[in-house]
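Q: There's a structure below that I have some questions on.
There are 2 protein chains.
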Amino acid sequence: MYEGAVQDLIDELGRLPGVGPKSAQRIAFHILDSDPADVQRLATALTEAKARVRFCEVCGNVAQSEKCQICVDPRRIDSVICVVEESKDVVAVERTREFRGRYHVLGGVINPIDGIGPNELRIRELMTRLQDDTVKEVILAMDPNVEGEATAAYLARLLGSMEIRVTRLASGLPVGGDLEFADEVTLGRAFEGRTLVGS
Amino acid sequence: MYEGAVQDLIDELGRLPGVGPKSAQRIAFHILDSDPADVQRLATALTEAKARVRFCEVCGNVAQSEKCQICVDPRRIDSVICVVEESKDVVAVERTREFRGRYHVLGGVINPIDGIGPNELRIRELMTRLQDDTVKEVILAMDPNVEGEATAAYLARLLGSMEIRVTRLASGLPVGGDLEFADEVTLGRAFEGRTLVGS
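This is the structure:
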């Protein structure tokens, strides 16, 4: 539809997740209107991120050297590992400021339809980290959906034989949510996990 | 939140129109998972588009040389010019295959709030193209909103003194639309512009 370079840009942008043909066109024209320095900064950020970012050899989180910032931080508690699906989840948990332990990023969830079994995830690396007796608790913080629950169940069974406390994040009503609009599974979990007032 | 290069990429992506913080993060992680060659292609498309795309010196459409593909096409009719706001509109009109004349891209609409008056648009260039008597009709194809109508009214007045037919695109119900859900202005226009059945 457009001449060479514009159409190339629209095509490339259209391959990004969540960017449809209309957005791709809108972004492309924004680029054409932008300052060349801004465009160069974006192009550099893309190639730099790809070139420089790797994954922490301990926990699998995104990192800029062999180990990520959290793994090298001496102030973190070594006895608790929070197992999450993706690096994004590390950021989500960090934002709560509730957790001071270490992380382990699986790199996904068990999903037979997509051909992802336990061997495709960083489960072996997790087991290696649990070899010495430093870790006393593993918190399974997968997403509360079918794949997340299945992965948590698999890990719970695997860790069951070890002298480690295995916990899961609480399920229940989201804060600020509305009981009336909660789905029945969430409301059911909120009942199941109800806590004593004043305790 | 993230380490250097990842956060830089998220920040840069977040500056694009229609890309919020969540999308920026999603795209950034997609980039980290992508093939380096794909990322390089996107980065190149960005800088190439910025470096190579300019605007046609005749009509103002996006182009890769001094003139755009439409202006250099000898098969187009020289006697009709369709005036549009943006290059995107050229593509939209081309898609209809209804129009075989030339274009003129204004580069926006008159919008005093944003400080855009007639001098900020390519109106002088349009008047220059109308100097010789080649052009017999000017079709004003601005968006049917307040700014578009105001710009069209301004141009219609400017062209009124010339021996040129000035037309506007028909307003009415969108094809496939629903009379019941049409806003009253559109429905009013559809009545005003009603056509004889069988004519």
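These protein sequence lines are chains R and F, in that order. If you use the numbering used here, the first sequence corresponds to residues 167 to 365, in order. If you use the numbering used here, the second sequence corresponds to residues 167 to 365, in order. Glycine included, C-beta positions come from ideal geometry on N, C-alpha and C.
(1) Does the region 220-230 of chain F come within contact of the region 232-247 of chain R, defined as at least 3 CB pairs closer than 8 Å?
(2) Closest Cβ-Cβ distance between Ile282/R and chain F: below 8 Å?
(3) Determine the contact status of Arg268/R and Ile247/R, defining contact as a CB-CB distance below 8 Å.
(4) Is it buried or exposed for Asp344/R, if we count other Cβ within 10 angstroms and need 16 for buried?
(5) If the criterion is Cβ atoms closer than 8 Å, does the pair Thr424/R and Ser245/R meet it?
(6) With a CB to CB cut of under 8 Å and the five nearest residues on each side skipped, what residues in its chain are close to Gly186/F?
(7) Please report how far the alpha carbon of His409/R lies from the alpha carbon of Lys188/F, in whole angstroms.
(8) Taking the alpha carbon of Gly354/R as the reference point, which residue from Leu339/R, Ala307/R, Val363/R has its own alpha carbon closest?
(9) I think Leu212/F touches Leu208/R, with their Cβ atoms under 8 Å apart; what is that distance to the nearest whole Å?
(10) Give every residue of the same chain whose Cβ lies closer than 6 Å to the Cβ of Ile193/F, excluding the five residues on either side of it in the sequence, and list them in chain order.
(11) From the DSSP secondary-structure annotation, give me the bridge partner or partners of His270/R.
(12) Are the beta-carbon atoms of Val271/R and Glu286/R separated by less than 8 Å?
(13) Which residue marks the beginning of the beta strand (DSSP E) containing Leu362/F, and which one marks its end?
(14) Are Val205/F and Lys254/R touching if we call contact CB-CB under 8 Å?
(15) Could you tell me whether the region 323-331 of chain R touches the region 277-296 of chain R, where touching means 3 or more Cβ pairs closer than 8 Å?
(16) Taking Arg288/R as the reference, give the member of Arg218/R, Thr333/R, Ile236/R, Thr317/R with the closest Cα.
(17) Hey, out of Asp201/F, Glu313/F, Asp174/F, Met167/F, whose CA is closest to Leu182/R's CA?
(18) Going along chain R in order, which residues have a C-beta closer than 7 Å to the C-beta of Ser189/F?
(19) From the beta carbon of Pro278/R, is the nearest beta carbon of chain F less than 8 Å away?
(20) Using the DSSP secondary-structure output, state which residues sit across from Arg220/F in a beta bridge.
(21) Using a threshold of 8 Å, state whether the C-beta atoms of Ala307/F and Val228/F are closer than that.
(22) Identify the contact partners of Gly170/F in chain R, using a Cβ-Cβ distance below 8 Å as the criterion.
(23) Taking the alpha-carbon of Gly273/F as reference, which of Leu362/F, Leu175/F, Asp309/F has the nearest alpha-carbon?
(24) Looking at the C-beta of Glu251/F, does it have a partner C-beta in chain R at a distance below 8 Å?
(25) Assign Glu303/F to one of three DSSP states: helix, strand, or coil.
(26) DSSP three-state call for Gln173/R: helix, strand or coil?
(27) Answer with yes or no whether the minimum CB distance from Leu272/R to chain F is below 8 Å.
(28) Do we get a CB-CB distance below 8 Å when we pair Phe195/R with the residues of chain F?
(29) From Arg266/R to Val238/R, what does the alpha carbon distance come to, in whole angstroms?
A: Taking the coordinates as given:
(1) no
(2) no
(3) yes
(4) exposed
(5) No statement about residue 424/R is possible, as the shown extent of chain R runs from 167 to 365 and does not include it.
(6) Excluding sequence neighbours, Gly186/F sits near Gly180.
(7) An answer regarding residue 409/R cannot be provided, because it is not within the stretch 167 to 365 covered by chain R.
(8) Leu339/R
(9) 6 Å
(10) Leu179
(11) Val249/R
(12) no
(13) Segment: none, Leu362/F is in no beta strand (DSSP E) and carries neither H nor E.
(14) no
(15) yes
(16) Thr317/R
(17) Asp201/F
(18) Gly184
(19) no
(20) Ala229/F
(21) no
(22) Arg218, Gln230
(23) Asp309/F
(24) no
(25) strand
(26) If DSSP states are grouped into helix, strand and coil, Gln173/R belongs with the helices.
(27) So no, Leu272/R is outside the interface.
(28) At least one chain F Cβ lies under 8 Å of Phe195/R.
(29) 13 Å
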